[in-house]
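In our numbering, the protein residues as written are 62 to 144.
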């Protein structure tokens, strides 16, 4: 069967230092974080997000999409319920 291939999680594909995009430097004055958000509602550390390049993320979700049943990839008898 086509959809039995093992697919890794994004966290398993992650490699330190990979970035999805590089943002330009800020062109407006920065506001201190304490002025925007009180420290008691902020997380102690950033969330553990996977570090991946954008093509890796697109490839991952494209591979996942091939696991779905669809009329493009499988036989699907449309209209058979009315016969």
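From the three backbone atoms N, C-alpha and C, an ideal C-beta is built for every residue, glycine too. These numbers were taken from a predicted model, which means no experiment stands behind them.
Which residues in the same chain have their Cβ closer than 8 Å to the Cβ of residue i, if we skip the five residues on either side of it in sequence?
{"i": "residue 77", "result": "112"}
{"i": "residue 114", "result": "79, 80, 81"}
{"i": "residue 71", "result": "111, 113, 118, 121"}
{"i": "residue 62", "result": "Note that residue 62 scores a pLDDT of 49, beneath 50, so its modelled location is shaky; the value from the coordinates is reported in the next line. Closer than 8 Å at the Cβ level, and outside the excluded window around residue 62, lies no residue."}
Does residue i come out as helix, strand or coil in the three-state DSSP assignment?
{"i": "residue 62", "result": "Reliability fails at residue 62, whose pLDDT of 49 lies under 50, so the model's placement of it is uncertain and no value is given."}
{"i": "residue 100", "result": "helix"}
Would you mind working out which of the options sits nearest residue i, comparing C-alpha positions?
{"i": "residue 109", "options": "121, 75, 98, 91", "result": "75"}
{"i": "residue 68", "options": "125, 90, 97", "result": "125"}
{"i": "residue 94", "options": "86, 88, 85, 104", "result": "104"}
{"i": "residue 73", "options": "100, 121, 85, 129", "result": "121"}
What are the boundary residues of the alpha helix (DSSP H) that includes residue i?
{"i": "residue 126", "result": "115-126"}
{"i": "residue 70", "result": "Counting along the chain, residue 70 falls outside any alpha helix (DSSP H), and DSSP gives it neither H nor E."}
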